[in-house]
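Asks:
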Amino acid sequence: WFPFIFVLYEMASYLSNDAYLPAMPLIKIDLNTTDDMVLTSLSAWFLGGCLVQLFVGPISDYIGRRKVLLSGGLVFILSTIACGLSTSVHWLISMRFIEGTTIATMAVTGYATIHELFDSKQAIKTIAHINSISILAPAFGPLLGAMILQWSSWQMIFYILALWALLPLILLKWDMPETAAVKQTPLNLKSILGSYKRIISNKRFMLYLISSRTIFSALIVWLSAGPFLLYETYKMDGLLFGLSQLFVFGAYIVGTRINSSLIESFKLHTILWLGWGFCLSGCAYSIIYLLLCGSKFYFILPGLMLVTLGSGLSLPIYSRLAIDQSTEAMGPKVAMTTFSMTLFGVIASMFVNLFFTNSLMSMILIISSFILAGFTIFSLGFIFKLIGKEK
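Position one of the sequence shown corresponds to residue 878 (the numbering used here), numbered consecutively onward.
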């Protein structure tokens, strides 16, 4: 039952970054602030995760994954409630930062446990199943937030998420297995830095990691820019925005299901090439349409859906392939993969702040830039034989 209970908690954690997206314009008014400051509360969530994840991995190897996940869960509940109690944007940003640090305790320990419980293909299948559920956070999160806003305030979004997280945490206390060989890995700064140095020096590990994180960045660009684009430029209400998210991330779920059906019959790299094909096709379609036919958002949806379809197909494979390249302890390896996600989330949010002009073309160009960069890195890995033959 652990993967099922874990994904329920993961959903609550991720919804803390998605369900409040429709409330951003209201938060701006209620807290008397600016668009940039509200967007900073989004970046703070990712930054909080970035700063602690590299420590969470080694700590969970030493004291156990259960203790780290459960204690982080308690802080998540308290910080989420504190977000709802915010009376200034600076307090909101601070609490969002703390909330983000707890995401690291969830992601590192949960996925490390899964990788240790299963072999490569079964781990990829399990992660694909988990992703197909957790992706409902960005798919349904804005719709959930919009529905809550129909009858209550934006603060209620945070209170409901805190309550949601409580139940799976109670169940995890009873059901989560301990897979770490507790206190078998040294816990000191020298050994931690040495482990990460060896991981970063592993060219194959970094190639899989960076090329996959560009795909993740493309998704974050949509999550960051989408609310302002659809609310302010296209004048959509929260329900229509939620439905748009449903289409975009519904395609991601389809991608994870295709992943599960293909993984027994095809080589992993073959599936990755297919995923890149979908992503590149979606970007090309969107740019060509915008250049030749206009800027109606609904005609861009197929392009965005192709990008997320390719993402769902590829991302579960990338995580395991990266981990299999290194012989270091599981904690630091998983911490590096999750750290890279939050780091690239911050980078993607910064790109939106710098280059997004509330136009559809600017958003598509940022997404396409990340996809093209990732495809280039992945292709060069084959050209220079940095990616070896699959066993």
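Even glycine gets a Cβ: it sits at the ideal position worked out from N, Cα and C.
Bear in mind the structure is a predicted one, so any value in this text is a computation, not a measurement.
Since phenylalanine 1035 and threonine 957 are thought to touch, with beta carbons under 8 Å apart, how far apart are those beta carbons, to the nearest angstrom?
Replies: For the purposes of this step, residue 1035 is taken as residue 158 along the sequence shown, with counting starting at 1. For the purposes of this step, residue 957 is taken as residue 80 along the sequence shown, with counting starting at 1. Contact holds; Cβ gap of about 5 Å.
Asks: Among Leu1116, Leu1070 and Pro935, which one has its Cα closest to the Cα of glutamine 1061?
Replies: In the sequence shown, the residue the question calls residue 1061 occupies position 184. The shortest Cα separation from glutamine 1061 among Leu1116, Leu1070 and Pro935 belongs to Pro935.
Asks: Give the C-beta separation of leucine 969 and leucine 908 to the nearest angstrom, bearing in mind that I take them to be a contact with Cβ-Cβ under 8 Å.
Replies: For the purposes of this step, residue 969 is taken as residue 92 along the sequence shown, with counting starting at 1. For the purposes of this step, residue 908 is taken as residue 31 along the sequence shown, with counting starting at 1. That belief holds up - the Cβ atoms of leucine 969 and leucine 908 are roughly 7 Å apart, short of 8 Å.
Asks: Please state whether the Cβ-Cβ distance between alanine 900 and leucine 1021 is less than 8 Å.
Replies: Stepping through the sequence shown from its first residue, residue 900 is reached at position 23. Stepping through the sequence shown from its first residue, residue 1021 is reached at position 144. No, the Cβ-Cβ distance between alanine 900 and leucine 1021 is not below 8 Å.
Asks: On a Cα-Cα basis, can you pick out the residue from Phe879, Asp912 and Leu1038 that is closest to alanine 1014?
Replies: Residue mapping note: residue 1014 aligns to position 137 of the sequence shown, counting from 1. Of the listed residues, the one whose Cα sits closest to alanine 1014 is Leu1038.
Asks: For glutamine 1061, does the three-state DSSP call read helix, strand or coil?
Replies: Taking the sequence shown and counting its residues from 1, one reaches residue 1061 at position 184. Correct three-state label for glutamine 1061: coil.
Asks: Are the beta-carbon atoms of alanine 1095 and isoleucine 1244 separated by less than 8 Å?
Replies: Here residue 1095 corresponds to residue number 218 of the sequence shown, with the count starting at 1. Here residue 1244 corresponds to residue number 367 of the sequence shown, with the count starting at 1. Yes. Within cutoff.
Asks: May I ask you to report which of helix, strand or coil DSSP gives glycine 1171?
Replies: Counting from one through the sequence shown, the residue named residue 1171 turns up at place 294. Of the three classes helix, strand and coil, the one that applies to glycine 1171 here is coil, per DSSP.
Asks: Can you check the stretch 1024–1070 for any alpha helix (DSSP H) of at least 4 residues that lies completely inside it and give the ranges in chain order?
Replies: Segments of the alpha helix (DSSP H) lying fully in the stretch 1024–1070: 1031–1052.
Asks: Quick one: Cα of phenylalanine 875 to Cα of serine 1030, how far?
Replies: The shown model of the chain, from 878 to 1268, leaves out residue 875, and the question about it has no answer.
Asks: What would DSSP say about aspartate 996, mapped onto helix, strand or coil?
Replies: Here residue 996 corresponds to residue number 119 of the sequence shown, with the count starting at 1. It is coil, neither helix nor strand.
Asks: Just the C-alpha distance for isoleucine 1025 and aspartate 938, rounded to the nearest angstrom, thanks.
Replies: The residue labelled residue 1025 in the question sits at position 148 within the sequence shown. The residue labelled residue 938 in the question sits at position 61 within the sequence shown. Going from the Cα of isoleucine 1025 to the Cα of aspartate 938 covers about 40 Å.
Asks: How do the stretch 1198–1215 and the stretch 1162–1176 stand: do at least 3 beta-carbon pairs fall below 8 Å, yes or no?
Replies: No: fewer than three Cβ pairs fall under 8 Å.
Asks: Pairing CB atoms from the stretch 991–1010 with CB atoms from the stretch 1134–1151, are three or more of them under 8 Å?
Replies: Contact between the stretch 991–1010 and the stretch 1134–1151 is present, because at least three Cβ pairs lie under 8 Å.
Asks: Tell me which same chain residues have a C-beta within less than 6 Å of the C-beta of valine 915, skipping the five on either side of it?
Replies: Translated into the one-based positions of the sequence shown, residue 915 becomes position 38. Answer for valine 915: Met901, Ile904 and Lys905, listed in chain order.
Asks: Assuming the contact rule is C-beta atoms closer than 8 Å, methionine 1218 and arginine 1090 should be a hit. Round their C-beta distance to whole Å, please.
Replies: Taking the first residue of the sequence shown as position 1, residue 1218 is located at position 341. Taking the first residue of the sequence shown as position 1, residue 1090 is located at position 213. Contact flag correct, Cβ pair sits at about 6 Å.
Asks: Could you spell out the range, first to last residue, of the alpha helix (DSSP H) harbouring tyrosine 826?
Replies: Residue 826 lies beyond the residue range present for the chain, which begins at 878 and ends at 1268; the question has no answer from this structure.
Asks: Would you call glycine 1269 buried or exposed, if buried means 16 or more other Cβ atoms sit within 10 Å of its Cβ?
Replies: Here the chain covers residues 878 to 1268 and nothing more, so residue 1269 does not appear.
Asks: Do glycine 941 and proline 1059 have their beta-carbon atoms positioned less than 8 Å apart in this structure?
Replies: Along the sequence shown, read from residue 1 onward, the residue named residue 1059 stands at position 182. Along the sequence shown, read from residue 1 onward, the residue named residue 941 stands at position 64. Rather than proline, the amino acid found at residue 1059 in this sequence is valine. Against a cut-off of 8 Å, the Cβ pair of glycine 941 and valine 1059 comes out as a contact.
Asks: According to DSSP, simplified to helix, strand and coil, what is leucine 1007?
Replies: Here the question's residue 1007 lines up with position 130 in the sequence shown. With the sequence shown as reference, residue 1007 is identified as isoleucine, and leucine is not the correct amino acid for it. Correct three-state label for isoleucine 1007: helix.
Asks: When the Cα of serine 893 is compared with those of Ile980, Lys1002, Leu1231 and Ser1072, which residue comes out closest?
Replies: Position 16 of the sequence shown, counting from 1, holds the residue named residue 893. It is Ile980 whose Cα lies nearest to the Cα of serine 893.
Asks: Do you know how far the Cα of arginine 1075 is from the Cα of serine 1068?
Replies: Indexing the sequence shown from 1 puts residue 1068 at position 191. Indexing the sequence shown from 1 puts residue 1075 at position 198. Straight-line Cα distance between these residues: approximately 11 Å.
Asks: Output the distance between the C-alpha atoms of methionine 1238 and phenylalanine 1124, rounded to the nearest integer angstrom.
Replies: What you label residue 1238 is simply residue 361 of the sequence shown in a count that begins at 1. What you label residue 1124 is simply residue 247 of the sequence shown in a count that begins at 1. So the alpha carbons of these two residues sit roughly 20 Å apart.
Asks: Using only the alpha-carbon positions, how far apart do phenylalanine 1093 and phenylalanine 1232 sit?
Replies: Translated into positions along the sequence shown, residue 1093 becomes position 216. Translated into positions along the sequence shown, residue 1232 becomes position 355. Each residue's alpha carbon lies about 18 Å from the other.
Asks: In angstroms with no decimal places, state the Cα-to-Cα distance between lysine 1268 and proline 880.
Replies: Counted from its first residue, the sequence shown places residue 1268 at position 391. Counted from its first residue, the sequence shown places residue 880 at position 3. Here the model assigns lysine 1268 a pLDDT of 47, short of 50, so the residue's position is not dependable and the matter cannot be decided.
Asks: Smallest Cα separation from valine 985: which of Cys927, Ile1001 and Phe1017?
Replies: Here residue 985 corresponds to residue number 108 of the sequence shown, with the count starting at 1. Checking every option, the nearest Cα to that of valine 985 belongs to Cys927.
Asks: So what's serine 1239 in DSSP terms, helix, strand or just coil?
Replies: To locate residue 1239, count along the sequence shown from 1; it is residue 362. In this structure, serine 1239 counts as helix in the three-state DSSP scheme.
Asks: Can you name the start and end residues of the alpha helix (DSSP H) that tyrosine 1111 belongs to?
Replies: Looking up residue 1111 in the sequence shown gives position 234. No alpha helix (DSSP H) holds tyrosine 1111; DSSP gives it neither H nor E.
Asks: Could you tell me whether the Cβ atoms of leucine 1337 and leucine 1049 are closer together than 8 Å?
Replies: The structure shown does not extend to residue 1337, since the chain is modelled only from 878 through 1268, so no value can be given for it.
Asks: Does the distance from the CB of glycine 1258 to the CB of leucine 1084 come in under 8 Å?
Replies: For the purposes of this step, residue 1258 is identified with residue 381 of the sequence shown, where counting begins at 1. For the purposes of this step, residue 1084 is identified with residue 207 of the sequence shown, where counting begins at 1. Yes, they are a contact pair.
Asks: Verify whether the separation of the beta carbon atoms of glycine 1187 and glycine 1152 is less than 8 Å.
Replies: Indexing the sequence shown from 1 puts residue 1187 at position 310. Indexing the sequence shown from 1 puts residue 1152 at position 275. The answer is yes: Cβ separation under 8 Å.
Asks: With 16 other CB atoms within 10 Å as the buried threshold, where does glutamate 976 fall?
Replies: Along the sequence shown, read from residue 1 onward, the residue named residue 976 stands at position 99. Looking at its Cβ environment, which holds 16 or more other Cβ atoms inside 10 Å, glutamate 976 is buried.
Asks: Within the same chain, show all residues whose beta-carbon is closer than 6 Å to that of alanine 959, passing over the 5 residues directly before and after it, in chain order.
Replies: As a position in the sequence shown, residue 959 is number 82, starting the count at 1. Excluding residues within five positions, the ones whose Cβ falls inside 6 Å are Met972.
Asks: For leucine 1046, count neighbouring C-beta atoms within 10 Å of its own C-beta (all shown protein chains included) and say buried if the count is 16 or more, exposed if not.
Replies: In the sequence shown, residue 1046 corresponds to position 169, counting from 1. By the neighbour-count rule (16 or more Cβ atoms within 10 Å), leucine 1046 is buried.
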